[in-house]
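Asker:
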Amino acid sequence: MSGGLTSEQRAIHPAWRLDEPWPTTLVAPLAVAEHPEADALLAAIAARLDAAVEVLELHPSSDDRHPWSLVARVPGHDIPVLVACERTRRMDEIRPDLREAVGGSRWSLVVESLLEESTPAGSWAALAAVLMDEDSAIAVLDATTGRWFDRAEITSDALDPDLGPPSDVLWRVQVVSDSADLDAGTAWLMTRGLLRCGLPELELLELPAAHARTGARLLDAVAELMLEEGPPPPEVPYPIGAEIAVTLVSWTEIVGTLDATSLGSDADRRALSQETPNPLRARRAVVCDLEPRGSFRPVWSWPRDAVSRLDLPDAAIRRSTGASERLARVARRRWSEVLAHRAGAAGDTVILVGTVVERDETGNVEHGWIQIDRADEHGGEGRLLRDTTAGRRAGTAHAFSVDEIDDWRVVAGDRAAGPEHAASVKTQLGRGAAG
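Take a look at the structure:
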């Protein structure tokens with residue numbers, strides 16, 4: 080989960096501080112002919128939590144499209160939660176594997192609340208759990224981001240008590256382009272979801288569309304770090320990895336310098352969102368290069384150096400403490416999948432393991448990657464991919480134990496699988512997951 084700091088503790092600069100918090104809305108289409116009753120849902124929540132649910136307001140309705148709604152305080156989430164039952168609305172963007180089930184749904188449950196600023200991912204999971212207490216819930220749609228989660232992703236991952244949800248349930252990167260050809264022109268990349276965490280949304284403007292995939296990785300990396308550390312002051316270099324740094328600049332400082340044909344103008348923002356208030360005109364930070372470019376009229380531009388370094392195969396990105404600890408626990412828990420896949424894999428399959436490679440007398444550790452030659456349920460042995468700070472050279476043999484693993488990658492040709500994905504290694508490789 081993201082770090083447990085309030086916006087004040089994260090010392091958010093006034094340029095990024097929100098005037099008021101933004102809510103989170105989650106929707107669960109149900110596989111039932113008749114709508115569930117409020118009493119039954121409250122009983123299911125109370126049974127799961129083994130605690131009473133405080134109902135603050137209950138609103139039965141004669142409207143057959145909205146039979147009831149209520150406001151309750153759920154244990155573990157101090158902010159009141161609105162829960163409503165309504166007819167399932169027409170949804171255009173449904174994940175392909177959920178399209179048939181969701182398309183046949185007649186009723187949906189909706190929850191809406193603010194997230195706890197100190198634990199936004201945990202708050203998100205608490206809201207999702209309310210929906211999962213209804214056994215007929217097919218999946219969860221995060222209306223803020225437009226992202227779907229099937230029931231298994233929620234119950235086996237986001238609601239895992241030992242892990243907590245991954246921080247990236249909180250946002251999604253969207254790419255807006257004026258061309259169907261992503262190798263041509265420029266693109267406008269933006270996050271959706273950070274405003275509800277008390278943080279500015281992130282953007283990349285006038286990014287060459289060919290770099291859209293790397294740009295999305297960059298926004299993901301900055302968002303994850305901001306959740307734990309808070310955003311840096313405007314125009315101050317922000318390191319996000321080894322020799323990778325960017326600056327954040329308010330969108331209002333950038334739009335006046337955009338090329339007339341580029342997306343992201345104030346007119347574009349008004350046209351693309353009909354919400355009130357408009358999230359595209361709220362607190363938003365454009366990720367830029369370290370310095371403005373140009374001699375006659377210096378302007379802030381997309382982070383060329385950061386994107387080019389992030390494109391390198393050995394690019395090292397800084398991760399938040401919470402995300403790193405969660406990934407390490409998942410990697411160790413799923414190590415048996417690596418062993419099972421390795422046993423039947425083709426000869427061109429390569430397994431890389433992130434692990435402790437050096438440990439000094441004071442207890443400080445250095446993490447690095449090795450390519451394994453031998454592995455079992457207790458650990459394994461392989462060769463260092465890079466020199467260590469203590470002077471051991473790349474290619475040196477190194478043994479590791481399972482409790483030292485913090486990440487892994489199974490690489491087969493141009494496909495790769497890692498522990499952070501809910502799908503199995505076999506499924507990831509079958510889908511052609513990118514490393």
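Be aware that the sequence shown starts at 80, since it is given in this note's numbering, and climbs by one per residue. Glycine is no exception: its CB is placed at the ideal position from the N, C-alpha and C atoms.
(1) The alpha helix (DSSP H) that contains residue 387, what's its start and end?
(2) Does the distance from the CB of residue 386 to the CB of residue 293 come in under 8 angstroms?
(3) Which residues in the same chain have their Cβ closer than 8 angstroms to the Cβ of residue 183, if we skip the five residues on either side of it in sequence?
(4) Looking at the secondary structure, which residues open and close the beta strand (DSSP E) in which residue 447 lies?
(5) Unbroken beta strand (DSSP E) runs of length 3 or more, entirely within the segment 324 to 349: which are they?
(6) My guess is that residue 460 and residue 478 are in contact by the Cβ rule of under 8 angstroms, so how many angstroms apart are they, rounded?
(7) Excluding five sequence neighbours on each side, which residues of the same chain lie with their C-beta closer than 8 angstroms to the C-beta of residue 258?
(8) From which residue to which residue does the beta strand (DSSP E) around residue 485 run?
(9) Beta carbon of residue 252, beta carbon of residue 266: below 8 angstroms?
(10) Are the beta-carbon atoms belonging to residue 128 and residue 219 less than 8 angstroms from one another?
(11) What would DSSP say about residue 512, mapped onto helix, strand or coil?
(12) Using DSSP with H/G/I as helix, E/B as strand and the rest coil, what is residue 80?
(13) Between the segment 217 to 234 and the segment 266 to 282, are three or more C-beta pairs nearer than 8 angstroms?
(14) Across which residues does DSSP place residue 120 in a beta bridge pair?
(15) Just tell me which of 142, 335, 341 has its CA closest to the CA of residue 376.
(16) I'd like to know if the segment 233 to 246 and the segment 124 to 143 are in contact, where contact means that at least 3 CB-CB pairs between them fall below 8 angstroms.
(17) With the cut-off set at 8 angstroms, would you say residue 217 and residue 177 are in Cβ contact?
(18) For residue 497, which of helix, strand or coil comes out of DSSP?
(19) With residue 213 and residue 125 assumed to form a contact (beta carbons below 8 angstroms), what rounded beta-carbon distance in angstroms separates them?
(20) Taking Cβ to Cβ, would you say residue 389 is nearer than 8 angstroms to residue 306?
(21) Confirm, please, whether the CB-CB distance from residue 368 to residue 349 is below 8 angstroms.
(22) Can you grab the Cα-Cα spacing for the pair residue 511 / residue 395, in whole Å?
(23) Drop a sphere of 10 angstroms on the beta-carbon of residue 88, count the other beta-carbons inside from all chains shown, and report buried for 16 or more, exposed for fewer.
(24) Taking DSSP as the reference, what is the three-state secondary structure of residue 211?
(25) Is residue 470 buried or exposed, if buried means 16 or more other CB atoms sit within 10 Å of its CB?
(26) Pull the bridge partners of residue 320 from the DSSP assignment, please.
(27) Residue 497: buried (16+ other C-beta within 10 angstroms of its C-beta) or exposed?
(28) Taking Cβ positions only, does residue 158 come closer than 8 angstroms to chain D?
(29) So if DSSP puts residue 287 in a beta bridge, which residue, or which two residues, is it bridged to?
(30) Based on the DSSP output, what are the partners of residue 138 in its beta bridges?
(31) With DSSP as the reference, label residue 271 as helix, strand or coil.
(32) Could you check which residue in 341, 327, 185 has the C-alpha nearest to that of residue 370?
(33) Our contact map puts residue 161 next to residue 150 with C-beta atoms below 8 angstroms; I'd like the distance itself, whole angstroms only.
(34) Return the chain-ordered list of same chain residues with a C-beta closer than 8 angstroms to the C-beta of residue 256, the five sequence neighbours on each side being excluded.
(35) How about residue 95 and residue 278: do their beta carbons lie closer than 8 angstroms?
(36) So what's residue 458 in DSSP terms, helix, strand or just coil?
Answerer: The answer reads as follows:
(1) Per DSSP, the unbroken alpha helix (DSSP H) holding residue 387 starts and ends at 383 to 389.
(2) In contact: residue 386 and residue 293 (Cβ atoms closer than 8 angstroms).
(3) Cβ neighbours of residue 183 beyond the five flanking positions: 110.
(4) Unbroken beta strand (DSSP E) run through residue 447: 444 to 455.
(5) Counting whole runs of 3 or more residues, the segment 324 to 349 contains no beta strand (DSSP E) stretch at all.
(6) About 4 angstroms separates the Cβ atoms of residue 460 and residue 478, confirming a contact at the 8 angstroms cut-off.
(7) Exclusion of the five residues before and after residue 258 leaves 264, 288 as the residues of its chain whose Cβ lies within less than 8 angstroms of its Cβ.
(8) Counted as a single uninterrupted DSSP element, the beta strand (DSSP E) harbouring residue 485 occupies residues 484 to 491.
(9) One thing to note: residue 252 has its Cβ no nearer than 8 angstroms to the Cβ of residue 266.
(10) For residue 128 and residue 219, no; Cβs fall outside 8 angstroms.
(11) Confidence at residue 512 is low in this model, with a pLDDT of 43, below 50, so the placement of that residue should be treated as unreliable; the coordinate-derived value is given next. Secondary structure of residue 512 (DSSP, three-state): coil.
(12) Unreliable placement is indicated for residue 80, whose pLDDT of 39 sits below 50; the coordinate value is still reported in the next sentence. Coil, per DSSP.
(13) Contact between the segment 217 to 234 and the segment 266 to 282 is present, because at least three Cβ pairs lie under 8 angstroms.
(14) Partner(s): none; residue 120 has no beta bridge.
(15) Nearest C-alpha to residue 376: 335.
(16) Short answer: they don't touch.
(17) Yes, these two residues count as a Cβ contact at 8 angstroms.
(18) Of the three classes helix, strand and coil, the one that applies to residue 497 here is coil, per DSSP.
(19) Beta-carbon to beta-carbon, residue 213 and residue 125 are separated by about 14 angstroms, too far to satisfy the 8 angstroms threshold.
(20) The answer is no: Cβ separation not under 8 angstroms.
(21) Not a contact, by the Cβ cut-off of 8 angstroms.
(22) Reliability of the predicted coordinates at residue 511 is poor, the pLDDT of 49 falling under 50, and the value obtained from them is presented with this limitation in mind. Straight through space, the alpha carbons of residue 395 and residue 511 are spaced by roughly 23 angstroms.
(23) Because the pLDDT at residue 88 is just 48, under 50, the model does not fix this residue reliably, and the value given afterwards should be weighed accordingly. Counting Cβ neighbours within 10 Å, residue 88 comes out exposed, since fewer than 16 surround it.
(24) In the three-state scheme derived from DSSP, where H, G and I count as helix and E and B as strand, residue 211 is classed as helix.
(25) Exposed is the call here.
(26) Under DSSP, residue 320 forms a beta bridge with 323, 396.
(27) Classification for residue 497: buried.
(28) Among the chains of the structure shown, chain D does not appear; only one protein chain is present.
(29) According to the DSSP secondary-structure assignment, residue 287 is paired through a beta bridge with 265.
(30) Paired residue(s): 148.
(31) In this structure, residue 271 counts as strand in the three-state DSSP scheme.
(32) Taking residue 370 as reference, the option from 341, 327, 185 with the minimal CA-CA separation is 327.
(33) Yes, residue 161 and residue 150 are in contact; Cβ-Cβ is about 5 angstroms, under 8 angstroms.
(34) Within the same chain, 264, 265, 266, 267, 288, 291, 342 come within 8 angstroms of residue 256 by CB-CB distance, once the 5 residues on both sides are set aside.
(35) Less than 8 angstroms separates the beta-carbon of residue 95 from that of residue 278.
(36) In this structure, residue 458 counts as strand in the three-state DSSP scheme.
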